[in-house]
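>
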Amino acid sequence: MLKVSLGKTGFTVNKNGFGALPIQRIAKDEAVIILRKALEKGITYFDTARAYTDSEEKIGLAFEGMRDQVIIATKTGATTVSDFKNDLATSLRLLKTDHIDLYQFHNLPFCPKPSDGTGLYEAMLEAKEEGKIRHIGITNHRLSVASEAIDSGLYETLQFPFSYLASDKEMELVSRCKAKGIGFICMKALAGGLITDSASAYAFLAQFDNVLPIWGIQRERELDEFVSYQDNPPVLDAEKEARIAADREMLSGNFCRGCGYCQPCPAGIEIESCNRMYLFLRRAPYETYLTEEFAEKMKQTEQCRQCGQCRAKCPYGLDTPNLLKQNHDDFFAHWKEKDKYFNKH
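Each residue of the sequence shown is one higher than the one before, counting from 85 in the working numbering.
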């Protein structure tokens, strides 16, 4: 079983981390079964957030009475001290614990620091002194904030999107974290579902001994897939390298990562799905997406008000309204010919 040490936290864990965002979509009893099975199979690192609706509650239910067997990381998106304290109290209550192993600032548009006027970092230190949290981390989607966090020396971990689609600048973040003893927690290891070969993704990330991937798991079969790699780690052979090269060529440039930070849309558009339709249609069976349900979602993009809110909130600087129009036009070009595609495929 591959293991990874999270910088100076002292945590050494299975290279498989459990990303608990998706379990908010399933029933409590089903989530508890999956979470406990993950622990039985050797996964000990579980990542959630106050923003993930009932994810924390489900983790609390799953590990009540066995708190010392797991490492729990959660996050707060608070921008005031009052909200920070409320979030922390709520997380502790729902997780059924008296401490959080790693507490992270959740994708704030800035890097909290002492004396920056917000009081947020001071609130973190106070919570640590009180024993409510053990270690301090930060998550982000912005290269500038991530870089500032590394330089600050204030954080023990950085959580950032990282996969084999990463740019040189993202690769550099991993190297800098290693040099400074900062744990690197990898979200979006499958690029929000655009990477469909998990074995290649796992083999790529295995090259980085300081990177902990947290796989978003919703179904038991997904858990089984990643657990199977523990005893038989995929090898980055010529076939997988060719697959990675092909994906990089297709997915290079300005593509939507599906992070969802552009939401909510004033016009009710499901941006993260609609903005990746072009790629979904080329990377999955047409029957999956050329449906009445997705047609309704794509029609909704016609209601775009060009307000620019999504563009302003995108951490990757995408021209979201323009991408929506491109994806809309591509979808309905395929929709007109869907019988031909279904017969062909």
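Glycine is no exception: its CB is placed at the ideal position from the N, C-alpha and C atoms. If you're wondering where the values come from, they're calculated on a predicted model, not measured in any experiment.
1. In the DSSP output, which residue or residues are listed as bridge partners for Asn98?
2. Assign Asp331 to one of two classes, buried (16 or more other C-beta atoms within 10 Å of its C-beta) or exposed (fewer than that).
3. Grab the span of the beta strand (DSSP E) containing Ala44 for me, first residue to last.
4. Going by other Cβ atoms of all chains shown within 10 Å of its Cβ, with 16 needed for buried, is Met255 buried or exposed?
5. Return helix, strand or coil for Thr372, following the three-state DSSP convention.
6. Under the rule that 16 or more other beta-carbon atoms within 10 Å means buried, what is Gly91, buried or exposed?
7. Measuring straight from C-alpha to C-alpha, what distance separates Ala351 and Gln384?
8. Within its chain, find whatever has a CB closer than 7 angstroms to the CB of Asn406; leave out the 5 residues flanking it on each side and keep chain order.
9. Are Val88 and Tyr129 close, meaning C-beta to C-beta below 7 angstroms?
10. Please confirm if the stretch 151-162 is in contact with the stretch 178-187, defined as three or more CB-CB distances below 8 angstroms between the two stretches.
11. If we call anything under 7 angstroms between Cβ atoms a contact, is Ile279 one with Gly103?
12. In chain order, what residues of the same chain have a beta carbon less than 6 angstroms from the beta carbon of Phe416, not counting five sequence neighbours either side?
13. On the DSSP bridge assignment, give the partners of Thr160 in chain order.
14. Using 10 angstroms around the beta-carbon of Glu240, count the other beta-carbons present and answer buried if the total reaches 16, otherwise exposed.
15. Taking DSSP as the reference, what is the three-state secondary structure of Thr385?
By the coordinates alone:
1. Answer is Lys87.
2. Buried, by the Cβ-count rule.
3. What is shown of the chain runs 85 to 429, which leaves residue 44 out entirely.
4. By the neighbour-count definition (other C-beta atoms within 10 Å, threshold 16), Met255 is an exposed residue.
5. Three-state result, Thr372: helix.
6. Buried.
7. Note on geometry: alpha-carbon atoms of Ala351 and Gln384 lie some 8 angstroms from one another.
8. So no residue of the chain qualifies.
9. Contact: no.
10. With a cut-off of 8 angstroms, the stretch 178-187 and the stretch 151-162 count as touching, because enough Cβ pairs lie within range.
11. No, the pair does not count as a contact, with Cβ atoms beyond the cut-off.
12. There are no such residues.
13. Paired residues: Phe189.
14. A buried status is given to Glu240, since no fewer than 16 other beta-carbon atoms sit within 10 Å of its beta-carbon.
15. Reduced to three states, the DSSP call for Thr385 is helix.
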